[in-house]
Amino acid sequence: MAEDECSDLPPLSGTDGAGAASQTGQPPEIEGYAVSGPLGEGGMGTVWRAVQQSTRREVALKVLGRVGFGSEKARVRFEREVEIASRLEHPHIARIYDSGLCHGLYYYAMELVDGLPLDAYVGQNRLAQEQILELVRAACRAVEHAHRRGVIHRDLKPSNILVAADGQPHILDFGLAKTFLEQDAAAALSITGEVVGTPAFMSPEQAAGEAGQIDTRSDVYSLGVMLYRVLTGTSPHNLDGTRYDVLRRIAEEDARRPRDAAPDLDAELEAILLKALARDPDGRYASAGELADDIDNYLKGEPLSARRPTTLYFLRKRLRKYRGRVAAAAGLLAILAGVAAWSYVSVSDERSRALLARDEARQEAAKARAVTDFLNEMIGFAAPAGTSGRPVSVRDVLDRAAGQVEAKFSTQPLLAAEIRHNLGAGYAALEDYDAASVQFSSALDLKQRLLGRAATETLATMHSLANALRLQNKTREAERLHAQVLETRRAVLGADHPDTLRSMSDLARALVDQEKHDAGLALHQEAVGRARRALGEDHPDTLALEANLADILWHVGRKTEAERLYRNVLERRRRTQGGEHADTVSAMNDLAGALWGLGRRDEAASLYEQVAAIRQRVLGADSPLVVASVAALGRALAESGRHEDAESVRRTELRLREGISTRGLTETLAAMNELANELYWQGKYADAEELHADVLRICRQILGEEHPLVLVSKSNLANDLYAQGRSTEAERLQREVLEIRRRTLGDEHPDTLLTLLHLANALFDQGKYAEAELLDRQVAEANRRRLGDRAPETRRALADLRSTLEAQGKLTEAEAILKAQEAHPRGPPPGEGEGRSPEAAATRKARN
């Protein structure tokens, strides 16, 4: 074969136009290859399926086209593609076998990949999220190999990443690639002078035509776009309009937040995508390898480089290492959902922090390492070897950490402040607001001194402290701090910033808590209006503010309006976030609570049942949210009169509470009390007595004689005895309860009046009618003054008084009471929480 007919690819400078390819559509004639049919057509030629006759292997044969590409530039590009691809040897990069010039046609033969483009493969095989991440990670490793050999692909897109039948990706088409040494800006432009690459997958610097700025981070951006699309189902940019419009948007606008497109997406995956898609290359991963490393970190549950290294973040990640063998670690993991509501230095700030200077980023990393070491030590304390085998509660770990912060970080006060802030969040999640306030206050003092009053971190801690104070019923102080935070955030962040809107919402709550209903409602309605305009009606932050507005409407007595808003929020969350998203389930729970409070018990029970099922499926049985949902379901079933079902649910609740820390013992005892109540309602008085007695004994030991739960337990035990005809014993216990409630609550407190009715029942049963009459009159008159003649509580007391009068033969007065009750129609049903326990209901059963 003569060299001018068919040869290895020669130097291309000075060649004539003989290298033009045929456009007849017929397979090209390349010596040594049997060409069968086309595989595809690209910007620089056509790819054919062929068999290399010397090896009998199938190959993809790329042939440079003849029309329009017979120029020196086209041939140089083709030669460069062959040279670049030939230097890459990786299992996920298509290999070059051969290249040359034959009958005026430039060609090269490469590995044939029978597969689908990456996006088509994901869709056709319905890959799970983990499988998608593993696939993209493998592609990133292949691109990393190219980067390490000085090659930038510049045209990464799904059609250039084919996935074979075995699920392995293969990078193709290095026709637009360049090496690190190529600095000629002309190399960044296509033959027609257009910006190189495929617009939908271009980096901002490519879209802007900034050839000198294109480097490995440009490939990272393209990989990020592909990952974004397969995870969310949409593009990070609006691709409507002309090519110029699309390029301008990519160059000038930030990528759309992934969770706006896919609300169910994990926050950590969003962080990875946002880092890969940072508009400024300095904000991105430096290479495809770093992106692959973070995907690997996510899959392994390790900390991400994409996340700002806060104490809370590393706490969550480090504790996952100990799940299943350290009780305290498991408990801390359980409270992290609550912590998130308190810690405002989180991934939600990524957008505003994406352009951190590199020196600041290094400082953050060093700080994170110090935090990690400290947390490792605290978690090590929780491990069996560090505690002599005794059980360690979440509270123990927090207390130990709080006691050592000052000594450990005496020379790093800002780091100490961050740790104290997050310890405060931990205590708040345990509902220990006193301890939370101590930590928040210490953190605030340090941050104000070191960062100033207007710093974002300072305001975050002040906001958290205000919330803790509000939950301690220190509402005036909470209002003052919330107002200060709101004023500063308006000035620093703007009136429509999400943090500003959150401050408006929480200040409104503090106002409503102080009965400043009009001011609180107006402020919160303003926050909702701003959120709708700035963020959109279906934005998660807008929906959260509307849910808070429903809470306020309920608090001020506009309950029907609140129920409508709860329902509307639920419908929109289902539509935009999906049926099992945490926010959707929370909205279901809110609506269920409203229905229960409105007396629509069956509807409430149905919703609570759905909430409990979803949370158990998604979160696992050991989540506090699951326990709370099961407890709420038990209450709703009891109110619906489904006491056997309620008993079963209460037993489930107690099983879920097994092994809970001492901090949760009160809730466990309350659950035991509720189970005993269900036994009572089914007429299982002896069983109820046994369980109520156990609850009372334990409550006395840990809570003291005057704790409300002790008094409720004692009263319920008395009613168990009364129901079994043991009225003398019941009388003794009710007198003990009455003495404490009169002294601590007053003569006309609802609980005191309820105890008087219980005592009257016991006296009536023993034939002590005169004494019972005296107590019945006291309760009836007090309820008349408090609530009016039509109130259920008043009518109940009058019915008992009528029974006592009839028992003594005082029929005239008894008849007068009966006629008066008939003249006044029954009022509304008892308010939320009434009529549930034997304590609240024994009077109704006793003398009817």
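Numbering (the numbering used here), first residue to last: 377 to 1224. All C-beta atoms in this analysis are idealised placements derived from N, C-alpha and C, irrespective of residue type, glycine included. No experiment lies behind these values; they were computed from the predicted model shown.
From the options, residue whose alpha carbon lies closest to that of residue i
i, options, result
"R1018", "A988, A980, T1044 and V994", "A980"
"A682", "G665, K651, D672 and S663", "K651"
"D821", "L841, A804 and L806", "L841"
"H466", "A1062, I547, G499 and V606", "I547"
"E1105", "I1116, L1093, E1115 and L1114", "L1093"
"R433", "I508, V1071 and I472", "I472"
"E417", "V1006, L494 and S535", "S535"
"D1063", "Q986, A968, D1096 and R1073", "D1096"
"D621", "A553, R776, H915 and A583", "A583"
"I508", "D490, A1190, H479 and V539", "V539"
"Q1184", "Y1145, G1164 and H1125", "Y1145"
"T610", "R633, A819 and E1065", "R633"
"L1055", "E1189, F577 and A1022", "A1022"
"R776", "P789, Y803 and L790", "Y803"
"F577", "R625, G588 and T555", "R625"
"R593", "H521, E1191 and A654", "A654"
"R1108", "H1125, R1119 and H1134", "H1134"
Alpha helix (DSSP H) segment containing residue i, residue limits
i, result
"I1074", "Y1061 to L1079"
"S475", "Unbroken run through S475 is the beta strand (DSSP E), I472 to C478; no alpha helix (DSSP H)."
"G912", "Premise fails: G912 is in no alpha helix (DSSP H) and is neither H nor E."
"H1125", "Looking at the DSSP string, H1125 is not in any alpha helix (DSSP H), and its letter there is neither H nor E."
"G491", "Counting along the chain, G491 falls outside any alpha helix (DSSP H), though it belongs to the beta strand (DSSP E) covering G491 to P493."
"H858", "T851 to L869"
"K1226", "In this structure the chain extends from 377 to 1224, so residue 1226 is not present and cannot be described."
Residues bridged to residue i (per DSSP)
i, result
"T574", "Answer by DSSP bridge pairing: none, since T574 is not bridged."
"L440", "G421"
"H1134", "According to DSSP, which records beta bridges pairwise, H1134 is partnered with nothing at all."
"K554", "I528"
"Y409", "Q428"
Beta-carbon proximity of residue i to residue j, cut-off 8 Å
i, j, result
"Y661", "V596", "yes"
"L437", "A426", "yes"
"G962", "N924", "It should be noted that the sequence gives Ser, not Gly, for residue 962. No. Outside cutoff."
"T960", "R950", "yes"
"L645", "V519", "no"
"R865", "H858", "no"
"N1159", "Y1098", "no"
"N1226", "V1025", "For the chain, the structure presents residues 377 to 1224; residue 1226 sits outside this window and is missing."
"G413", "S430", "no"
"L1045", "I1074", "yes"
"L615", "A638", "no"
"V1155", "L1121", "no"
Rounded straight-line distance, which links the Cα of residue j to that of residue i
i, j, result
"L845", "V932", "21 Å"
"G1101", "G1143", "13 Å"
"D735", "D658", "Note that D735 scores a pLDDT of 45, beneath 50, so its modelled location is shaky and nothing firm can be said."
"A631", "D810", "42 Å"
"L921", "A884", "11 Å"
"R943", "I528", "52 Å"
"P612", "L983", "36 Å"
"E794", "E902", "32 Å"
"D531", "E487", "19 Å"
"I990", "F1140", "49 Å"
"R1178", "L929", "39 Å"
"G870", "S879", "12 Å"
"K892", "H900", "12 Å"
"R1011", "I1193", "34 Å"
"L1085", "E1112", "14 Å"
"Q992", "L806", "20 Å"
"M602", "M838", "41 Å"
"G585", "P575", "12 Å"
"S817", "H1083", "29 Å"
"A1047", "H1068", "11 Å"
"R1227", "Q890", "Nothing in the structure corresponds to residue 1227, since the chain is present only between 377 and 1224."
"I537", "K784", "51 Å"
"N798", "I590", "40 Å"
"A958", "M964", "10 Å"
Span of the beta strand (DSSP E) around residue i
i, result
"A540", "I537 to A540"
"A485", "L481 to E487"
"H797", "No beta strand (DSSP E) holds H797; the alpha helix (DSSP H) holding it covers P789 to A805."
"P545", "P545 to I547"
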